[in-house]
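> Have a look at this one before I ask anything.
Numbering (our numbering), first residue to last: 5 to 188.
Quick look at the structure:
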């Protein structure tokens, strides 16, 4: 997320210094310069509406949460304090649930905004809409996780294969580094 950008910038700086100082004969760069990947929603606020989601604060929706758990968590989530019941006009711009709607339910965002502001959509109905969308969004990930949990030997095989590939890549890169630095 965006809070990692300073770390990426430091890495870019170090890689760039190395690449400028130690150039292979063919002129290419040994270390690629990493780029941050920031989506339109790099950070979602926590269910308390105060801070970003944090497992230690208990204000998260976990990818592994089933629909019942998501329902329970969303039911308790912060909304516009001035909108106490259906019929009251709300302000979606200060409502946590509307922030989630913009991420997980883009298609209905304009309709939800209008319903909230006019009072025709209550917070409970709004929460019900987002609960199903969040559950739907994470369903393929939950299913894949369940499948992987049933095949732990397969996971270990994948990890070991990944370790071998990473070791091979690291060894090759370090060979280039040593050659460029004339130390080996």
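C-beta atoms are modelled at their ideal positions from N, C-alpha and C, and glycine is treated no differently.
Check whether the region 110-130 touches the region 142-161, counting contact only when three or more Cβ pairs, one atom from each stretch, lie closer than 8 Å.
Taking 8 Å as the limit for Cβ pairs, the verdict is that the region 142-161 does not touch the region 110-130.
> Apart from the five residues just before and just after residue 184, which ones in its own chain have a Cβ nearer than 8 Å to its Cβ?
Counted from its first residue, the chain shown places residue 184 at position 180. The residues are 26, 27, 28, 34.
> Determine the DSSP secondary structure at residue 49, reduced to helix, strand or coil.
On the chain shown, position 45 is the one that residue 49 refers to. Reduced to three states, the DSSP call for residue 49 is strand.
> Spatial neighbours of residue 78 within its chain, please: C-beta separation below 7 Å, excluding the five flanking residues on both sides.
The sequence position of residue 78 within the chain shown is 74, counting from 1. So the list reads 131, 134, 135, once near-sequence residues are dropped.
> Which two residues bound the contiguous alpha helix (DSSP H) that contains residue 77?
Position 73 of the chain shown, counted from the first residue, corresponds to residue 77. Taken as a continuous stretch (DSSP letters only), the alpha helix (DSSP H) holding residue 77 covers 71-79.
> Answer yes or no: does any C-beta atom of chain D fall closer than 7 Å to that of residue 74?
Protein chain content of the structure displayed is limited to a single chain, and chain D is not contained in it.
> Between the alpha carbons of residue 60 and residue 139, how many angstroms are there, rounded?
For the purposes of this step, residue 60 is taken as the residue at position 56 of the chain shown. For the purposes of this step, residue 139 is taken as the residue at position 135 of the chain shown. Cα-Cα distance, rounded: 22 Å.
> So what's residue 93 in DSSP terms, helix, strand or just coil?
By one-based count along the chain shown, residue 93 stands at place 89. Residue 93: coil per DSSP, three-state reduction.
> Give the secondary structure of residue 54 by DSSP, where H, G and I count as helix, E and B as strand, and everything else as coil.
As a position in the chain shown, residue 54 is number 50, starting the count at 1. It is coil, neither helix nor strand.
> Do residue 124 and residue 99 come within 7 Å of each other at the CB atom, strictly closer than that value?
Walking along the chain shown from the start, residue 99 turns up at place 95. Walking along the chain shown from the start, residue 124 turns up at place 120. Result no, Cβ atoms of residue 99 and residue 124 do not sit closer than 7 Å.
> Are residue 152 and residue 159 close, meaning C-beta to C-beta below 7 Å?
To locate residue 152, count along the chain shown from 1; it is residue 148. To locate residue 159, count along the chain shown from 1; it is residue 155. Going by C-beta atoms, residue 152 is nearer than 7 Å to residue 159.
> Of the choices 116, 66, 92, whose alpha-carbon is the least far from that of residue 103?
Working through the chain shown from its first residue, we reach residue 103 at position 99. When only C-alpha atoms are compared, the closest one is 116.
> Ignoring anything shorter than 4 residues or poking outside the region 122-180, list the alpha helix (DSSP H) runs there in chain order.
Correct list: 127-153.
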